[in-house]
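S.K.: First residue of the sequence shown? That's 1 in the UniProt record's numbering, and the numbers climb one at a time after it.
C-beta atoms are modelled at their ideal positions from N, C-alpha and C, and glycine is treated no differently.
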Amino acid sequence: MKTLLVPTDFSIPADSAINYAMHLAVLWDASLILYHSFIPFESGFYLLSVSQKENLENEKKLMDRLATIQNNILKKKPSLSISIHVDQGPEGIKIIEFCKKKKVDLIIMGTNGASGLKEQLIGSFTAEVMTKATCPVLAIPNKYKFRIPKKITYATNYSKKDKKVLETLLKFNEVFNASINVLHIDWGLTFFTADDDFTKYKKSIQNYFKDFEFSFNHSAGKDITKTILEETLIDNTEMIVMNPLKRKGMWDRLFEKSVTKKMANHIPFPLLTIPTK
Numbered sequence: 001m002k003t004l005l006v007p008t009d010f011s012i013p014a015d016s017a018i019n020y021a022m023h024l025a026v027l028w029d030a031s032l033i034l035y036h037s038f039i040p041f042e043s044g045f046y047l048l049s050v051s052q053k054e055n056l057e058n059e060k061k062l063m064d065r066l067a068t069i070q071n072n073i074l075k076k077k078p079s080l081s082i083s084i085h086v087d088q089g090p091e092g093i094k095i096i097e098f099c100k101k102k103k104v105d106l107i108i109m110g111t112n113g114a115s116g117l118k119e120q121l122i123g124s125f126t127a128e129v130m131t132k133a134t135c136p137v138l139a140i141p142n143k144y145k146f147r148i149p150k151k152i153t154y155a156t157n158y159s160k161k162d163k164k165v166l167e168t169l170l171k172f173n174e175v176f177n178a179s180i181n182v183l184h185i186d187w188g189l190t191f192f193t194a195d196d197d198f199t200k201y202k203k204s205i206q207n208y209f210k211d212f213e214f215s216f217n218h219s220a221g222k223d224i225t226k227t228i229l230e231e232t233l234i235d236n237t238e239m240i241v242m243n244p245l246k247r248k249g250m251w252d253r254l255f256e257k258s259v260t261k262k263m264a265n266h267i268p269f270p271l272l273t274i275p276t277k
């Protein structure tokens, strides 16, 4: 993790993500990029030169705001490598393009959550980036204070790509040295019939990662998001990890469309998504 990117809309949730990213960058000796994208002004009623001038002025104002944040961080962490960037265009698209171009290793985003009608209509922008980014994304709840996690939970559906996810997670965890719990949630009716799958999965993971000892939890619950949150709160988890990429099958479609986004909307602690090709 050598290059970290923090998108900001200059909100309080974004400030929480910047503060968290600052501490991570110091721990990993990584460079930090503060990022903002805006929709450029375009109108058929104005000359192109007028639109361009307004967009350049807007970009300069935004760069100045980012520079202010940059300077405040450097006052606290003078040795930190930190740069700023402003893009023009839809933020969701531009972030993904920029991260690929700059080979960003981790996106750190703030989220203030959503519920009820708001969640159904617009969801969470952070959750959308999580499902599209080709690099890991770390969502930081509003006003969450940085602390090194002592316990991390990976929520899985026993995917064939879990070993790749866990390999990345172990690299991520080298500085933290946290314990890692692997959690699977079954529907209540299939809980007992899935016991053989759980045993085989556990044995496969333990045999593959001989130098790290995972703990495993196989639980039941019809509302997957709620059950994951309940289980992680009970065992004092301080970070949840998920794989957000598309899968096949009924349970997987539910996982992809509902769980990742709902988790990003309701998490009380950081949520890390690790994609796999």
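What does the Cβ neighbour count give for V175, buried or exposed, with the cut at 16 atoms within 10 Å?
M.R.: In the sequence shown, the residue the question calls residue 175 occupies position 175. It is exposed - the Cβ of V175 has fewer than 16 other Cβ atoms within 10 Å.
S.K.: Does I39 pass the burial test, meaning 16 or more other C-beta atoms within 10 Å, or should it be called exposed?
M.R.: For the purposes of this step, residue 39 is taken as residue 39 along the sequence shown, with counting starting at 1. Result: exposed.
S.K.: For the UniProt domain "UspA" (1-141), list the alpha helix (DSSP H) runs that are entirely contained and at least 4 residues long, ordered along the chain.
M.R.: Listed in chain order, they are 12-28, 48-76, 91-102, 116-121, 125-132.
S.K.: Nearest-angstrom Cα distance between T156 and I274?
M.R.: Residue mapping note: residue 156 aligns to position 156 of the sequence shown, counting from 1. Residue mapping note: residue 274 aligns to position 274 of the sequence shown, counting from 1. Taking the straight line joining both Cα atoms gives about 12 Å.
S.K.: Can you tell which of E91, S79, G110, A133 has the C-alpha that lies nearest to the C-alpha of K100?
M.R.: Along the sequence shown, read from residue 1 onward, the residue named residue 100 stands at position 100. Cα-wise, what sits closest to K100 is A133.
S.K.: Which stretch, first to last residue, makes up the alpha helix (DSSP H) that contains D162?
M.R.: Reading the sequence shown from its first residue, position 162 is the one you call residue 162. D162 -> alpha helix (DSSP H) spans 162-172.
S.K.: Could you check what DSSP says for I185 in three-state terms: helix, strand or coil?
M.R.: Locating residue 185 in the sequence shown gives position 185, where the first residue counts as 1. I185: strand per DSSP, three-state reduction.
S.K.: Are the CB atoms of P13 and G110 within a distance shorter than 7 Å?
M.R.: Residue mapping note: residue 110 aligns to position 110 of the sequence shown, counting from 1. Residue mapping note: residue 13 aligns to position 13 of the sequence shown, counting from 1. Yes.
S.K.: Smallest Cα separation from E85: which of I180, S204, L272, T8?
M.R.: Within the sequence shown, residue 85 is the residue found at index 85, counting from 1. It is worth fixing the name first, because residue 85 is His in this sequence and not Glu. The shortest Cα separation from H85 among I180, S204, L272, T8 belongs to T8.
S.K.: Do you know whose CA, among L5, I69, F216, lies nearest H184's CA?
M.R.: Reading the sequence shown from its first residue, position 184 is the one you call residue 184. Nearest of L5, I69, F216 to H184, Cα basis: F216.
S.K.: How is K203 classed by DSSP in three states: helix, strand or coil?
M.R.: By one-based count along the sequence shown, residue 203 stands at place 203. Note: K203 maps to helix in three-state DSSP.
S.K.: Suppose you measure from the CA of I69 to the CA of L34; what does that come to, to the nearest Å?
M.R.: In the sequence shown, counting from the first residue as 1, residue 69 sits at position 69. In the sequence shown, counting from the first residue as 1, residue 34 sits at position 34. So the alpha carbons of these two residues sit roughly 9 Å apart.
S.K.: Which partner residues of L272 appear in the DSSP bridge assignment?
M.R.: For the purposes of this step, residue 272 is identified with residue 272 of the sequence shown, where counting begins at 1. According to DSSP, which records beta bridges pairwise, L272 is partnered with L138, V241.
S.K.: Quick one, which of V182, K94, L138, E213 has its alpha-carbon nearest Y20's?
M.R.: Against the sequence shown, residue 20 aligns to sequence position 20. The candidate whose alpha carbon is nearest that of Y20 is L138.
S.K.: I need the boundaries of the beta strand (DSSP E) containing K151, first residue and last residue.
M.R.: Locating residue 151 in the sequence shown gives position 151, counting from the first residue. That run of the beta strand (DSSP E) goes 151-156.
S.K.: Pick helix, strand or coil for I180, following the three-state DSSP scheme.
M.R.: Locating residue 180 in the sequence shown gives position 180, where the first residue counts as 1. Looking at I180 - three-state DSSP - the assignment turns out to be strand.
S.K.: Could you check whether T232 and I240 sit closer than 7 Å to each other, using their CB atoms as the reference points?
M.R.: Working through the sequence shown from its first residue, we reach residue 240 at position 240. Working through the sequence shown from its first residue, we reach residue 232 at position 232. Yes, the pair counts as a contact, with Cβ atoms nearer than the cut-off.
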